[in-house]
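*Asks:* Structure incoming, see below.
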Amino acid sequence: TKSNKVRIVEVGPRDGLQNEKTVIPVTTKIELVEKLAKTGLRDIEAGSFVSPKWVPQMAASNEILEYILKYPPQARDPIAYAFLAPNSKGLENALSILRSHPQAEGEGECPKPTVELSVFAAATESFTQKNLNCSIAESLKRFEPVIKAGKDEGLRVRAYISVVLGCPFEGYDVDPKKVAEIACDLMEMGADEIALGDTTGMGTAPRTSELLKAMKAAGMRSEDVAMHFHDTYGQALVNTAVSLENGIMSFDSSVGGLGGCPYSPGATGNVSTEDMVYFMETLGMTTGINLDAVVDVGEWITKEIGKSNASSVGKAILGR
Ligand code: HMG
Ligand code: MG
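First residue of the sequence shown? That's 29 in the UniProt record's numbering, and the numbers climb one at a time after it.
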């Protein structure tokens, strides 16, 4: 029998905040993670070990990881905290913190958290150049030792592929077969999961379906795939429905619909966690997430950073 449990990965603290121009205090970021941890979420992407020259907003990610290890946020269930690491330098920065802060056993209401790493490839050459300053082939060569070292350290490793349904520089000219090929390469390197990023929100229902069929044809299992939809064109939940029909059970979202990608001009936020949870629950799926609690976090963080709340469900529930 098919399980009705879906996994929602909260990417607000990383994808949601990375594009903000004014530096958000690290205390606010930590408070966001702590508030999210109390909502029932079990996967929270909390930071990014990238070059601070490229993405200044993520510069304090080391402090966030240290804090999580020293003071595991209160939560009902153990939470996996993910951090991006694009190269050996990012990996070493993350590992040195992990090694110098042996994870404290969570006490009482603070179960022991785990840490995950994420590498991030892209499906087009031009986006890879803009985002990582190298070719696709070179990026894969750099990820191989990062994935291996992460696995050797006992960490779960996620591998993103960006611009899978449209590229800011190459438009709709993204080949689903190429995406599937990169996915297979990353799985062979030892990645535990592939997250397919619709970075630009250009994805449509038929193109999502076509992409997932190509993934299946290449031998990818649906349980190894997560979908990461940005809602720039308002199609994220439609594409989510198509993904569910294709057996995908893992979805990324960001509280308050925060977000954008610094190397994807005009892209807006990820689909909001509030809308995602509401959508799943109306379908009879279980998320384990308390919708009202996430709505409150979305309202709090958007006010805190001076943005409007981009979640339809959040606004509807607050205005009720
Ligand atoms: P580069 O300039 O080619 O790197 O950038 P480099 O190796 O030549 O190093 C240049 C300098 O950066 C050196 O410092 C390095 O030490 C330093 P200097 O000697 O000049 O003082 N450096 C680093 N510092 C800290 N952490 C590091 C690191 N690496 C080098 N890890 C690089 C190459 C990959 C570093 C750069 O392009 C970069 O950081 N890119 C990250 C871009 C990014 O974060 N994009 C957003 C995340 S992806 C995304 O949002 C999409 C996603 O949400 C899915 C979707 O929506 O599709 C995941
Ligand atoms: Mg993204």
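Every residue, glycine too, gets a C-beta built ideally from N, C-alpha and C.
Could you say which of D259, A295, E221 lies nearest to M304 if we only look at CA atoms?
*Replies:* Here the question's residue 304 lines up with position 276 in the sequence shown. Of the listed residues, the one whose Cα sits closest to M304 is D259.
*Asks:* Can you grab the Cα-Cα spacing for the pair K343 / E216, in whole Å?
*Replies:* For the purposes of this step, residue 343 is taken as the residue at position 315 of the sequence shown. For the purposes of this step, residue 216 is taken as the residue at position 188 of the sequence shown. Spanning the two alpha carbons is a distance of roughly 43 Å.
*Asks:* Are at least three pairs of beta-carbons, each pair with one atom in the stretch 114-128 and one in the stretch 88-96, less than 8 Å apart?
*Replies:* Short answer: they touch.
*Asks:* So which of L239, Y109, S300, K244 has the shortest CA-CA distance to R186?
*Replies:* Stepping through the sequence shown from its first residue, residue 186 is reached at position 158. Nearest of L239, Y109, S300, K244 to R186, Cα basis: Y109.
*Asks:* Identify which residue in C195, S190, E144, G316 has its Cα closest to the Cα of E181.
*Replies:* For the purposes of this step, residue 181 is taken as residue 153 along the sequence shown, with counting starting at 1. Considering only alpha carbons, the answer is E144.
*Asks:* Determine the direct distance from the alpha carbon of G297 to that of K49, and round the result to whole angstroms.
*Replies:* Taking the first residue of the sequence shown as position 1, residue 49 is located at position 21. Taking the first residue of the sequence shown as position 1, residue 297 is located at position 269. Distance between the alpha carbons of K49 and G297 is about 14 Å.
*Asks:* Return the residue from the list A269, A151, P141 that minimises the CA-CA distance to T232.
*Replies:* Your numbering for residue 232 matches position 204 in the sequence shown. Nearest C-alpha to T232: A269.
*Asks:* Just to confirm, are F279 and V34 a CB contact at a threshold of 8 Å?
*Replies:* Residue 279 sits at position 251 when you count from the first residue of the sequence shown. Residue 34 sits at position 6 when you count from the first residue of the sequence shown. Against a cut-off of 8 Å, the Cβ pair of V34 and F279 comes out as a contact.
*Asks:* Under the assumption that A151 contacts V202 (Cβ atoms under 8 Å), give the Cβ distance between them as a whole number of angstroms.
*Replies:* Taking the first residue of the sequence shown as position 1, residue 151 is located at position 123. Taking the first residue of the sequence shown as position 1, residue 202 is located at position 174. Rounded, the Cβ-Cβ distance is 5 Å, consistent with contact.
*Asks:* Looking only at its chain, what residues have a beta carbon closer than 7 Å to the beta carbon of T56, apart from the 5 residues adjacent to it on each side?
*Replies:* Within the sequence shown, the letter at position 28 stands for residue 56. So the qualifying residues of the chain are E332.
*Asks:* Only counting runs of 3 or more residues, tell me where the beta strand (DSSP E) segments fall wholly within the stretch 260-304, in order along the chain.
*Replies:* Complete beta strand (DSSP E) runs here, min 3: 278-281.
*Asks:* Compute the beta-carbon to beta-carbon distance between L286 and G44, rounded to the nearest angstrom, for a pair I have assumed lies under 8 Å.
*Replies:* Indexing the sequence shown from 1 puts residue 286 at position 258. Indexing the sequence shown from 1 puts residue 44 at position 16. Sure, about 3 Å apart at Cβ, within 8 Å.
*Asks:* Does the Cβ-Cβ distance between D220 and R249 come in under 8 Å?
*Replies:* In the sequence shown, the residue the question calls residue 220 occupies position 192. In the sequence shown, the residue the question calls residue 249 occupies position 221. No, the pair does not count as a contact, with Cβ atoms beyond the cut-off.
*Asks:* State yes or no: is the C-beta of N274 within less than 8 Å of the C-beta of L311?
*Replies:* In the sequence shown, counting from the first residue as 1, residue 274 sits at position 246. In the sequence shown, counting from the first residue as 1, residue 311 sits at position 283. No, the pair does not count as a contact, with Cβ atoms beyond the cut-off.
*Asks:* Below 8 Å between beta carbons: does that hold for L60 and P41?
*Replies:* Reading the sequence shown from its first residue, position 32 is the one you call residue 60. Reading the sequence shown from its first residue, position 13 is the one you call residue 41. Yes, Cβ-Cβ distance for L60 and P41 is below 8 Å.
*Asks:* Is the Cβ-Cβ distance between R235 and L168 less than 8 Å?
*Replies:* To locate residue 235, count along the sequence shown from 1; it is residue 207. To locate residue 168, count along the sequence shown from 1; it is residue 140. No, Cβ-Cβ distance for R235 and L168 is not below 8 Å.
*Asks:* Which runs of the alpha helix (DSSP H) fall wholly inside the stretch 137-202 and span at least 4 residues, in chain order?
*Replies:* Entirely contained in the stretch 137-202, the alpha helix (DSSP H) runs reaching 4 residues are, in chain order, 153-160, 164-180.
*Asks:* Could you pull the start and end residues of the beta strand (DSSP E) that R35 belongs to?
*Replies:* The sequence position of residue 35 within the sequence shown is 7, counting from 1. Run containing R35: 35-38, per the beta strand (DSSP E) assignment.
*Asks:* With DSSP as the reference, label G342 as helix, strand or coil.
*Replies:* As a first step, residue 342 must be located in the sequence shown, where it is residue number 314. Reduced to three states, the DSSP call for G342 is helix.
*Asks:* Helix or strand or just coil, what does DSSP make of D71?
*Replies:* Numbered from 1 along the sequence shown, position 43 holds the residue referred to as residue 71. Strand.
*Asks:* Can you name, in chain order, every residue of its own chain whose Cβ lies under 6 Å from the Cβ of A74, other than the five neighbours on each side?
*Replies:* Against the sequence shown, residue 74 aligns to sequence position 46. Counting only Cβ-Cβ distances below 6 Å, and skipping sequence neighbours, we find P41, V61, I92, Y109.
*Asks:* What does a CB cutoff of less than 7 Å around N32 pick up in its chain, not counting 5 residues either side in sequence?
*Replies:* For the purposes of this step, residue 32 is identified with residue 4 of the sequence shown, where counting begins at 1. For N32, where only same-chain residues beyond five positions count, the Cβ hits under 7 Å are G312, M313, T314.
*Asks:* Take the Cβ of A165 as the centre, count every other Cβ of all protein chains shown within 10 Å, and call the residue buried at 16 or more, exposed below.
*Replies:* Walking along the sequence shown from the start, residue 165 turns up at place 137. It counts as exposed.
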